[in-house]
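Everything on this sheet refers to the single structure shown next.
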Amino acid sequence: MVNLQDQRDIENVILGLGIMVEEKIRADTGMINHLRDREMEGREVMTDMFREEKDQKDTNMMWNMMT
13 MVNLQDQRDI ENVILGLGIM VEEKIRADTG MINHLRDREM EGREVMTDMF REEKDQKDTN
73 MMWNMMT
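Just so you know, we're using the working numbering here: the sequence shown kicks off at 13 and counts up by one.
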């Protein structure tokens, strides 16, 4: 069984790899697609949100352990 933290880390890695592949394809082909660009921006925002949520949970857990 995979714990929640490991699952989030795996999801972030997969998301990051997908974004890198799309950027490589776009760079190699010269493809500029505004819809694709907006999709990538959305993915980056979601990745940032996941990281912020993880950081907040880690902070809360540490705070709870100290009190």
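Glycine included, every Cβ here is placed at the ideal spot set by N, Cα and C.
- DSSP, reduced to helix, strand and coil, places residue 72 within a helical segment of the structure shown.
- Cβ-Cβ distances below 7 Å link residue 52 to 31, 34 in the same chain, with the five nearest sequence neighbours on each side left out; the list follows chain order.
- The continuous stretches of alpha helix (DSSP H) do not include residue 15, and DSSP gives it neither H nor E.
- Scanning its chain for C-beta atoms nearer than 7 Å, with the 5 sequence neighbours on each side dropped, one finds no residue around residue 40.
- The residue from 71, 63, 68 with its alpha-carbon nearest to that of residue 22 is 63.
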